[in-house]
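The sequence shown maps to residues 7 to 238 in the working numbering.
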Amino acid sequence: MLYNKKEIFMKRLLIIFILAITVACNKNPNTYNNETAQQKILEKNYIKSTIDYNKNGIDDYSDILIGAKKDAVNHPEYDGSYVDGGYPPDNKGVCTDLVWRAFKEAGYNLKDMIDADISRDKSYYHIEKPDPNIDFRRVPNLDKFFKKYAVSLTTNINDYDAFNPGDIITYLDKPQHIGIVSDIKNKDGRAYLIHNAGQSERENDNLDFGKISGHYRFDSSKINPEILKPYN
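Printed below as a string of structure tokens:
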């Protein structure tokens with residue numbers, strides 16, 4: 007079949023239009039990589055940290071929150087496979103990977119900090135032979151680290167006002183889990199949880215994932231300078 011120039015032009019125009027619509031529909035505006043999305047978070051009324059470790063103009067709690075949201079939007083495949091070097095690729099991870107990625111946003115190298123603390127105090131972590139490839143991806147190790155260096159807060163899930171965006175929540179009963187408190191709340195005022203348990207919505211009304219074992223608010227001023235490590 008032969009087409010005249012006008013028909014060819016119209017077909018090309020239709021293809022361009024379809025491609026433009028497809029891109030627009032698939033583009034997620036909440037990537038949290040832009041200043042507008044971040045500013046909407048910062049304008050909300052919640053406790054802000056007095057520390058801005060990476061000097062980016064955003065306090066640590068907000069940076070941790072934004073970092074957790076970025077990982078939630080990225081939606082890595084749930085995969086806890088052992089990785090040489092420790093870090094899984096950006097498109098894979100588990101609950102603990104969301105946490106170190108959140109801390110990376112604030113300028114902290116959570117892996118190096120946990121490795122350093124385990125090396126100094128193996129008995130505290132009940133570890134005989136440290137393994138830097140996996141130790142920072144184990145919930146009990148993160149719980150012990152935050153119990154030691156962060157501010158411990160109530161584990162009463164019904165004390166809604168005690169849960170601040172950027173707080174860390176651990177669940178040590180099986181299945182062991184960890185997540186970051188969101189700035190979003192349900193209709194009753196309970197905070198959402200940002201976490202990776204392989205679920206479709208990584209920021210959801212799931213603070214009641216299990217019995218809360220630890221509720222922590224990070225404060226780098228409490229950390230030994232020899233343990234505190236920046237993410238370079």
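Heads up, the beta-carbon is just placed ideally off N, CA and C, and yes, glycines get one too. Only a predicted model underlies this, so the values are computations on that prediction, with no experimental measurement involved.
Measure the alpha-carbon distance for residue i versus residue j and round it to whole angstroms.
{"i": "arginine 107", "j": "alanine 74", "result": "7 Å"}
{"i": "alanine 161", "j": "serine 219", "result": "The identity of residue 161 in the sequence shown is threonine, whereas the question assumes alanine. Rounded to the nearest angstrom, the two C-alpha atoms are 7 Å apart."}
{"i": "leucine 159", "j": "aspartate 96", "result": "31 Å"}
{"i": "glutamine 44", "j": "glutamate 134", "result": "42 Å"}
{"i": "valine 100", "j": "asparagine 230", "result": "28 Å"}
{"i": "tyrosine 38", "j": "lysine 76", "result": "6 Å"}
{"i": "phenylalanine 224", "j": "aspartate 69", "result": "12 Å"}
{"i": "glutamate 232", "j": "glutamate 111", "result": "21 Å"}
{"i": "lysine 150", "j": "glycine 113", "result": "21 Å"}
{"i": "valine 79", "j": "lysine 154", "result": "30 Å"}
{"i": "aspartate 85", "j": "lysine 98", "result": "6 Å"}
{"i": "glutamine 182", "j": "glycine 92", "result": "19 Å"}
{"i": "leucine 199", "j": "lysine 217", "result": "14 Å"}
{"i": "proline 35", "j": "tyrosine 130", "result": "In this prediction, proline 35 scores a pLDDT of 44, lower than 50, which makes its location untrustworthy; the coordinate-derived value is nonetheless stated afterwards. Spanning the two alpha carbons is a distance of roughly 44 Å."}
{"i": "glutamate 83", "j": "aspartate 137", "result": "23 Å"}
{"i": "proline 171", "j": "lysine 128", "result": "31 Å"}
{"i": "aspartate 90", "j": "lysine 180", "result": "26 Å"}
{"i": "asparagine 40", "j": "histidine 132", "result": "42 Å"}
{"i": "valine 145", "j": "threonine 176", "result": "7 Å"}
{"i": "threonine 42", "j": "arginine 126", "result": "42 Å"}
{"i": "lysine 46", "j": "proline 94", "result": "30 Å"}
Mapping the DSSP letters down to three states, classify residue i as helix, strand or coil.
{"i": "threonine 102", "result": "helix"}
{"i": "serine 219", "result": "coil"}
{"i": "leucine 48", "result": "helix"}
{"i": "asparagine 80", "result": "helix"}
{"i": "glycine 73", "result": "helix"}
{"i": "glutamate 232", "result": "coil"}
{"i": "glutamate 207", "result": "coil"}
{"i": "phenylalanine 109", "result": "helix"}
{"i": "threonine 56", "result": "coil"}
{"i": "aspartate 66", "result": "helix"}
{"i": "tyrosine 130", "result": "helix"}
{"i": "valine 29", "result": "Since pLDDT at valine 29 reaches only 41, below the 50 mark, its modelled position is unreliable, and the value read off the structure follows with that caveat. It is helical."}
{"i": "serine 226", "result": "helix"}
Determine the extent of the alpha helix (DSSP H) in which residue i is found, giving its start and end residues.
{"i": "lysine 61", "result": "Run containing lysine 61: none; DSSP gives neither H nor E here."}
{"i": "lysine 117", "result": "116 to 126"}
Return yes when the Cβ of residue j is within less than 8 Å of the Cβ of residue i, no when it is not.
{"i": "leucine 178", "j": "phenylalanine 142", "result": "no"}
{"i": "histidine 201", "j": "leucine 71", "result": "no"}
{"i": "phenylalanine 215", "j": "valine 187", "result": "no"}
{"i": "methionine 119", "j": "leucine 48", "result": "no"}
{"i": "asparagine 139", "j": "tyrosine 88", "result": "yes"}
{"i": "alanine 156", "j": "tyrosine 222", "result": "yes"}
{"i": "phenylalanine 152", "j": "isoleucine 174", "result": "yes"}
{"i": "aspartate 189", "j": "tyrosine 52", "result": "yes"}
{"i": "isoleucine 163", "j": "threonine 102", "result": "no"}
{"i": "aspartate 66", "j": "serine 227", "result": "no"}
{"i": "arginine 196", "j": "histidine 81", "result": "no"}
{"i": "aspartate 211", "j": "asparagine 192", "result": "yes"}
Between which two residues does the beta strand (DSSP E) containing residue i stretch?
{"i": "valine 187", "result": "183 to 191"}
{"i": "alanine 197", "result": "197 to 200"}
Requested in this report: Output the residue ranges of the alpha helix (DSSP H) runs that lie fully inside the stretch 133 to 179 and measure 4 residues or longer, sorted by chain position.
Outcome: If only complete runs of 4 or more residues are kept, the stretch 133 to 179 shows the alpha helix (DSSP H) at 145 to 155, in order along the chain.
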